[in-house]
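Undergrad: Please read through the structure below; I'll follow up with questions.
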Amino acid sequence: PEEPTPLGFAGAIIEKALTLGSIGDLVAGSHFAHDLAIVGRDLVDFVAHALVKLAIVAALGVTIAATPGFTDSGRIVGIVAAVGVVAVLVDVQRLQNEAKERRSDFLEAVTVFVEFCRLAAHTQSIEGAMRASVRNGATWPFRRLETIFEQADRHRQPPWRAVTALGRRYGMPELVELGSALENAGSEGTRVQDMLAAKATSLRRRMTEDEVQKATSATQRLSIPLGLLGVIFVIVLLAPAVIAY
Numbered sequence: 016p017e018e019p020t021p022l023g024f025a026g027a028i029i030e031k032a033l034t035l036g037s038i039g040d041l042v043a044g045s046h047f048a049h050d051l052a053i054v055g056r057d058l059v060d061f062v063a064h065a066l067v068k069l070a071i072v073a074a075l076g077v078t079i080a081a082t083p084g085f086t087d088s089g090r091i092v093g094i095v096a097a098v099g100v101v102a103v104l105v106d107v108q109r110l111q112n113e114a115k116e117r118r119s120d121f122l123e124a125v126t127v128f129v130e131f132c133r134l135a136a137h138t139q140s141i142e143g144a145m146r147a148s149v150r151n152g153a154t155w156p157f158r159r160l161e162t163i164f165e166q167a168d169r170h171r172q173p174p175w176r177a178v179t180a181l182g183r184r185y186g187m188p189e190l191v192e193l194g195s196a197l198e199n200a201g202s203e204g205t206r207v208q209d210m211l212a213a214k215a216t217s218l219r220r221r222m223t224e225d226e227v228q229k230a231t232s233a234t235q236r237l238s239i240p241l242g243l244l245g246v247i248f249v250i251v252l253l254a255p256a257v258i259a260y
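Using the working numbering, read the sequence shown as starting at 16 and increasing by one per residue.
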């Protein structure tokens, strides 16, 4: 039987509407769907919360428009529509930022996981090394990997296929590449060691690139308010002279 949506009857209605409108098909496989997955949000849940915010904004607009003596209803409709769109866009932006942070955390954890696998592969098969290494971490990405490994066990699948599937679900090509590399690696010998060492180096390089990108973005965000402060400072200095003139 189908599991009930987190929002009960209302969620079922929204889910049905998404199906009829083919919106779910458009979202599936998109970057937005990957963001929802890694954050742990459901599309129905996200849409429901967006509709609630739109309903609150619309109710405020109706209340203002119904105020005695208020005649400019066209303007209030435009304001309500703009505020509603902004509220939804803020939610989308917040989701994207959280997903970006989670991908960064996952990339860091996977780099450590590969190092653990490289050490464990000296005495175990690659599959055994993966299952042993996932228990060495305490962060949420390690717990997520442990969960998908357990699910793979129940379906009698090797863990590297679970890694590949998770990478596609989260929109992380690093995981897809790692899963493929683990699947194609030999079961023993230097081939596994060399592959894991190369993969760990590649992941560390990607982490460094992400950190540089974060620093650059932070600098750019900081330059905007500093520029505004400079403009304000110039205006304050020139204002007395302009007024006197």
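Think of the CB as a built atom: it goes at the ideal place given N, C-alpha and C, for glycine as much as any other residue.
Helix, strand or coil for Ser140, going by three-state DSSP, please let me know.
TA: In the structure shown, Ser140 sits in coil (DSSP, three-state: anything other than H, G, I, E or B).
Undergrad: Is the CB-CB distance between Gly99 and Val72 below 7 Å?
TA: Result yes, Cβ atoms of Gly99 and Val72 sit closer than 7 Å.
Undergrad: Taking 7 Å as the cut-off, decide whether the C-beta atoms of Phe121 and Pro156 are in contact.
TA: Yes. Within cutoff.
Undergrad: Using the C-alpha atoms, what's the distance from Ile141 back to Ile163?
TA: Taking the straight line from one Cα to the other gives about 17 Å.
Undergrad: Count the other C-beta atoms from every protein chain shown that fall within 10 angstroms of the C-beta of Asp209, then say buried if there are 16 or more, exposed otherwise.
TA: Per the 10 Å Cβ criterion, exposed.
Undergrad: Go ahead and pull the three-state DSSP assignment for His327.
TA: Since the first residue of the chain shown is 16 and the last is 260, residue 327 is not available in this structure.
Undergrad: Under 7 Å Cβ to Cβ from Arg146, same chain only, skipping five residues before and after it: list those, please.
TA: If we look at Arg146 and ignore the five residues flanking it on each side, its Cβ neighbours are Phe164 and Pro174.
Undergrad: Report yes or no: do three or more beta-carbon pairs, one from the stretch 59-74 and one from the stretch 126-140, lie closer than 8 Å?
TA: Flag = no, the stretch 59-74 and the stretch 126-140 do not touch.
Undergrad: Following the continuous alpha helix (DSSP H) through Ser195, name the residue where it begins and the one where it ends.
TA: Its alpha helix (DSSP H) spans residues Pro188 to Asn199.
Undergrad: In its own chain, which residues sit with a C-beta less than 6 Å from the C-beta of Leu69, not counting the 5 before and 5 after it?
TA: Excluding sequence neighbours, Leu69 sits near Gly99.
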